[in-house]
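Q: Please read through the structure below; I'll follow up with questions.
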Amino acid sequence: MTSAVLLAHGVDGPAAGAFPAGVGIFLVAAATIFGAWLGCRLTSRSAPLLGAASGVLMVVTIGDVLPGAVSAATDAGLPLWIIPVLGVIGYVAFGLAARNSCACESDPVYGAGAAIAMAVHRMIEGAALAVIGTGTVLLALLVHATGEGAALAGLLGRSPRRLMPWLVLASASPVIGAWTAWAWVVPASAESVLFALIAGVLLRIAYAAFRTALQDRRPGQWADASVLTAVVVGCAITVMAVTASR
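Adding 176 to a residue's 1-based position in the sequence shown gives its number in the working numbering.
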């Protein structure tokens, strides 16, 4: 959810029946860590996890980040063609920045890029949770956060030393967003530009994760099917979470 969504709800404070902001944000952070733990523990191979991460990132981008960019651009009076243009710029720029990195499970560039992009996105979610943190929104964000935690584990590998700082960033960003929700409102024009660029970066990472999953799959008749199944499962769970949060 973006500040444009908050304005659309016309709320000037916490919604009636909302969870205390601190409790909700703590639960979202815990769900992120739990998702990363699941990602590290439930598979001995990276291919299915990377496939699921690809699905999560695609749905987050198409179902959440891009609509937020369009909504903010509409509120700011910006032409909508700027969204795909900036998305392509983000996609290409990140691809060029990461072109010298290896396309493998332990590649830190794509994992760090995903963590930073998710952190910015989740700052806005933290602000939304602080303002309209109803039970439905909180439940959806918990499922969402669990999937994102697992996605980070897949992209960064299962090394605790590599995963921990980016996991802390992803978990702390909703707190930062909630703290700044009342102090400063991001201009809709800046928000649309930021989200469009983030969308391009996340799509590039989703593509890289899917490609790496196919390369790292187990040899055998059902290798491609296992990766595609993981993509579908990741997409389905995230679609339900994104839909429920609206």
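Ideal Cβ positions, reconstructed from N, Cα and C, are used throughout, including at glycine.
How would you label residue 299, buried or exposed, when you count the other beta carbons within 10 angstroms and need 16 or more for buried?
A: Under this definition residue 299 is a buried residue.
Q: How about residue 265 and residue 370: do their beta carbons lie closer than 8 Å?
A: No; because the gap between Cβ atoms is not below 8 Å, this pair is not in contact.
Q: Would you say residue 229 and residue 409 are within 8 Å of each other, going by their C-beta atoms?
A: No, the pair does not count as a contact, with Cβ atoms beyond the cut-off.
Q: Run through DSSP, which three-state label would residue 244 get?
A: Helix.
Q: State the CB to CB distance for the pair residue 241 and residue 320, rounded to an integer number of angstroms; the pair is presumed to be in contact (CB under 8 Å).
A: No, residue 241 and residue 320 are not in contact; Cβ-Cβ is about 12 Å, not under 8 Å.
Q: Check the C-beta distance from residue 267 over to residue 380 and give it rounded, since I have them as a contact under 8 Å.
A: Confirmed, about 5 Å.
Q: Which residues in the same chain as residue 376 place their Cβ atom closer than 8 Å to its Cβ, once the five residues preceding and following it in sequence are excluded?
A: So the list reads 262, 263, 264, 265, 266, 267, 268, 269 and 270, once near-sequence residues are dropped.
Q: What does the alpha-carbon distance come out to for the pair residue 217 and residue 326?
A: Rounded to the nearest angstrom, the two C-alpha atoms are 10 Å apart.
Q: Could you tell me which whole alpha helix (DSSP H) segments of length 4 or greater appear in the segment 319-397?
A: List check, alpha helix (DSSP H) in window: 336-356 and 364-392.
Q: Any idea what DSSP makes of residue 226, helix, strand or coil?
A: Here residue 226 sits in helix by DSSP.
Q: Looking only at its own chain, which residues have a Cβ that is under 7 Å from the Cβ of residue 209, when we skip the five neighbours before and after it?
A: 325, 343 and 347.
Q: Compute the distance between the beta-carbons of residue 350 and residue 302, then report whether it is under 8 Å.
A: Taking 8 Å as the Cβ cut-off, residue 350 and residue 302 qualify as a contacting pair.
Q: Near residue 318, what residues of its chain come up, given a Cβ to Cβ distance below 7 Å and the 5 sequence neighbours on each side ignored?
A: So the qualifying residues of the chain are 203, 204 and 207.
Q: To the nearest angstrom, how far is it from the Cα of residue 385 to the Cα of residue 226?
A: Rounded to the nearest angstrom, the two C-alpha atoms are 5 Å apart.
Q: Could you give the DSSP three-state label for residue 255: helix, strand or coil?
A: Reduced to three states, the DSSP call for residue 255 is coil.
Q: Whole angstroms is fine: what's the gap from residue 245's alpha carbon to residue 295's?
A: Distance between the alpha carbons of residue 245 and residue 295: 16 Å.
Q: Whole angstroms is fine: what's the gap from residue 383's alpha carbon to residue 404's?
A: Taking the straight line from one Cα to the other gives about 13 Å.
Q: Nearest to residue 330 by CA position, among 199, 201 and 212, is which residue?
A: Out of 199, 201 and 212, 212 has the C-alpha closest to the C-alpha of residue 330.
Q: Taking all protein chains shown into account, do 16 or more other C-beta atoms lie within 10 angstroms of the C-beta of residue 272, making it buried, or fewer, making it exposed?
A: Label assigned to residue 272: exposed.
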